[in-house]
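One structure is given below, encoded as structure tokens.
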Amino acid sequence: MRKRNLIIGTVLVTIGGGMGAGAALAYDGTNCSEPGVCWEPKPGYPDKIEGSKYDPKHSDSELNKQQESIQGMEKRNAMRVEHFKKTGEWVNDTDELELQQAMSEDEQS
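Counted the way mature numbering (1 follows the signal peptide of the UniProt record, and there is no 0) counts, the sequence shown spans residues -26 to -1, 1 to 83.
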């Protein structure tokens, strides 16, 4: 019984592997400009995107959002590192750091 199950399992795995290999080898790549570059536009897709109905027309403010976000992140990280170097304590909440900074400035003046 055990030997029979082993044989059946081996046969099924072999058949399954053969089917998968056949599907992988079926595409011959005739429409690829080079190996791995097989994208083709659908019929009716324009050669030039700008000015067509496919043009996303992003505004500058939309395009700059990520850069502004990254700059804010770098500023917050610099505040954390500066505080850590001074006190040896890591604080994730930069609002707390700004509050401490404002309080220390009030005490000095």
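Backbone N, C-alpha and C fix where the C-beta goes; we use that ideal spot for every residue, glycine too.
Boundaries (first-last residue) of the alpha helix (DSSP H) holding residue i
{"i": "Ser7", "result": "Counting along the chain, Ser7 falls outside any alpha helix (DSSP H), and DSSP gives it neither H nor E."}
{"i": "Glu72", "result": "Thr68 to Gln82"}
{"i": "Gly25", "result": "Taken as a continuous stretch (DSSP letters only), Gly25 belongs to no alpha helix (DSSP H), as it is neither H nor E."}
{"i": "His57", "result": "Asp34 to Thr61"}
Same chain, Cβ closer than 7 Å to residue i, neighbours up to 5 away in sequence not counted
{"i": "Phe58", "result": "Trp64"}
{"i": "Glu14", "result": "Asn5"}
Own chain partners of residue i with C-beta closer than 8 Å, once the 5 adjacent residues on each side are dropped
{"i": "Ser26", "result": "Pro20"}
{"i": "Glu72", "result": "Met53"}
{"i": "Asp29", "result": "Ile23"}
The segment 62 to 74 in contact with the segment 37 to 48 per 3-pair CB rule at 8 Å: Touching, no.
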